[in-house]
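Residue 82 in full-length UniProt numbering sits at position 82 of the sequence shown, and the numbers go up by one each step. C-beta atoms are modelled at their ideal positions from N, C-alpha and C, and glycine is treated no differently.
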Amino acid sequence: MRRVADLPGAGVQVMSVTVLAWLLSIAPVPPAAPPTAPTSAASRPISAAGSHAVDGAVPARSAAARQRAKVNEPASSGAGQAVPGAIATEVRISSEPGVVLAGTLYLPGGHGKGPYPLAVLIKGQGRYGRGGYSEIIKRLTADGIAALEYDKRGVGQSTGTYEEDPERLTADAAAAVAAMRRRPEIVGSRIALVGHSGGGVIAPAAAAADPHIVAVVTLAGNVGDGLPYVRKGIYRQMMKMIVGGSDTLVGPAADAAVTLLQARVDSRDAETIARLRANAVARFEAAGFPRPQAEQALAMIDVPEAWNANKFHSASDLKTLHIPVLAVYGTMDPMALDDAPAARAALASNRRARIVMLDGLGHSFQEGEVTGTPDGASNLGPYLGSPRLLTLVGDWLRDTLSEGGKEMGQVR
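Structure below.
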C-alpha cells in the first residue's frame with residue numbers, strides 16, 4: 001500500500017511563490033516548510049561520491065557534516081548589511097520600465113582609491129533581497145574586489161512587480177552590470193557574476209549575452225533547459241513522497257504535469273487546460289496521491305513561476321561560455337546528483353571551467369552538524385559561509401580578476 005507524505009505549507013497560495021524551490025528540493029522561504037519525506041531509499045541523504053565525474057572534492061571536517069542541510073536563507077533587511085573592512089554605498093539601478101533596483105556596493109577598505117574589479121552577486125529562487133552573501137563579501141573586499149548585491153524587483157526597496165521570470169531577472173542583472181560599468185570606482189572590464197541556486201541560472205544567462213563579463217561562479221547552480229528540467233524535479237519529489245513509489249506510475253504523472261505546463265506556455269484554450277489538468281490529477285491519484293493531495297499538488301505546480309521555467313536555459317548558456325567558470329556543489333545537496341554532471345557536460349569544451357564538489361555540505365554551504373531539521377539550523381555556520389567554500393571561491397576570483405590573471409599575481 002503506497003503512502004504519501006504531507007504536502008508542505010498551510011495553503012496553496014503561500015507555496016505558489018516558491019514552487020520551484022519545493023520541486024527542486026530546495027528549502028523554501030518562510031513561512032512554508034519543505035515536505036517531510038518518508039523513510040525510504042529514495043529519501044535518504046545522497047552522496048555524490050563514485051558516480052559523479054567531478055573534480056576537486058574537498059574532505060569534510062567531521063562525519064556529522066555528511067547529513068543534508070535544509071535551512072532557510074537569512075531574511076533581507078531591505079538595506080545593505082555591515083561588512084567589516086568594506087565601505088558600503090547605497091545605489092539605485094534603473095532596469096526595465098518601472099523597475100529601479102535598490103542595491104549596496106561594497107568597496108574594499110585599505111586598498112587605495114580604486115578602481116576595483118567587481119563581483120555582482122545574484123540571489124536564488126524566492127522573494128529575496130539583500131543579505132546572505134556577507135561572508136563572501138567580506139572575503140572579496142579583503143582581497144581588493146568590490147561586490148554588489150541588490151534587492152530583486154518588487155522586493156525590499158526595489159520597485160516593480162516581483163516575478164520569478166528568468167528573462168526579467170536576467171535583464172535586471174544586465175542592468176546592474178551596466179550601471180556598475182559607469183561608476184569610476186569600478187574597472188568595467190573586470191566584472192564577474194556570482195549566482196547561488198536559481199541565481200546560478202541567471203549568471204550564465206547574463207554572461208552569455210554580455211561578451212565583456214570576464215568570469216562566472218555558480219554555487220549549487222541549477223543546470224538544465226526549460227520544462228524537462230522541471231519534470232526531473234517533479235519526478236524526484238513524487239518518488240520521495242510516495243512510499244514504494246513506482247517509476248511506471250510516477251513517470252506518467254510527472255509527464256502529465258509537464259504537458260499541462262507546456263499548454264500554459266503555449267496559451268492553450270481553457271477547455272484544453274481543464275482536460276489536461278484533470279488528466280494530471282488522475283495520474284497523480286494513480287501514482288498514490290489521495291484525491292485532495294493530488295489536487296493540492298497540481299495547484300502548487302500549475303502557477304506562473306513554473307510556466308516561466310520554460311524560459312531558463314542554463315545548460316545551453318553554460319555551453320556558450322568560454323570565459324573562466326567555477327561551478328561548486330555540495331555532496332549533501334540532492335540537486336548535485338543531477339546538476340554537477342550536467343554542469344560538467346555543459347562546460348566540457350571550456351578549458352577554463354572547473355567543477356568542484358565540497359564534501360559534506362548542503363545547498364547552503366554551511367558547516368556544522370547537519371540534521372535536516374529547522375532546529376538543526378542553529379548548529380550550522382553562516383549561510384554560504386563554509387571556510388572551504390570561501391577559500392575556494394575567494395582564491396579563484398582573486399586570481400581570475402587579477403589584472404592579467406594568475407600570471408600577474410593577486411588583485412591589487
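Residue i to residue j span [Cα, whole Å]
i           : j    : result
T373        : L380 : Summary for T373: the model assigns pLDDT 46, below 50, so the residue's position carries little reliability, and this model does not support an answer.
T272        : A147 : 48 Å
F289        : V303 : 20 Å
K113        : P84  : 18 Å
E167        : K311 : 7 Å
D172        : V155 : 13 Å
L227        : D143 : 40 Å
A57         : R354 : For A57, the pLDDT reaches just 40, beneath the cut-off of 50, and the residue's location in the model is therefore unreliable, although a value from the coordinates is still provided. Between A57 and R354, the C-alpha separation is close to 12 Å.
S158        : R231 : 32 Å
L401        : V194 : 13 Å
A27         : V223 : A caution first: A27 carries a pLDDT of 36, below 50, which makes its placement in the model too unreliable to give a value.
D339        : G221 : 7 Å
A274        : Y162 : 27 Å
Y235        : L390 : 33 Å
L337        : A206 : 25 Å
A88         : T104 : 6 Å
K152        : K123 : 8 Å
R190        : V214 : 6 Å
P211        : I137 : 25 Å
Q293        : A256 : 16 Å
residue 413 : A209 : This structure cannot settle anything about residue 413, because the visible part of the chain is limited to 1 through 412.
Assigned exposure category for residue i - 16 Cβ within 10 Å defines buried
i    : result
T141 : buried
H196 : buried
S314 : buried
H363 : buried
E135 : buried
E149 : buried
T218 : buried
A270 : exposed
A348 : exposed
R351 : exposed
S386 : buried
S95  : buried
A139 : The amino acid occupying residue 139 in the given sequence is Arg; Ala does not appear at that position. R139 should be labelled buried.
R183 : buried
G109 : exposed
L397 : buried
Start-to-end residues for the alpha helix (DSSP H) that takes in residue i
i    : result
Y235 : 226–241
G251 : 247–265
V177 : 166–181
L310 : According to the sequence as given, residue 310 is Asn; it is not Leu. From DSSP, N310 is part of no alpha helix (DSSP H); its letter is neither H nor E.
Under the three-state DSSP convention, the category residue i falls into
i           : result
S316        : helix
T218        : strand
A209        : coil
W396        : helix
R190        : strand
G195        : strand
Q157        : coil
F289        : coil
E305        : helix
R268        : coil
E295        : helix
V223        : coil
residue 414 : Look at the range of the chain in this structure, 1 to 412, and you will see that residue 414 is not part of it.
Residue-level contact to chain B via CB, residue i, 8 Å cutoff
i    : result
P252 : No chain B appears in this structure, which consists of one protein chain only.
Taking only runs of the beta strand (DSSP E) that begin and end inside the region 81–150, which ones reach a length of at least 3 residues, in chain order? Taking only runs of at least 3 residues, the beta strand (DSSP E) segments lying wholly in the region 81–150 are 86–94, 100–108, 116–122, 146–150.
At what residue ranges does the region 318–389 contain a whole run of the beta strand (DSSP E), taking only runs of 3 or more? DSSP assignment within the region 318–389 yields the following whole beta strand (DSSP E) runs of 3 residues or more, N-terminal first: 325–330, 353–358.
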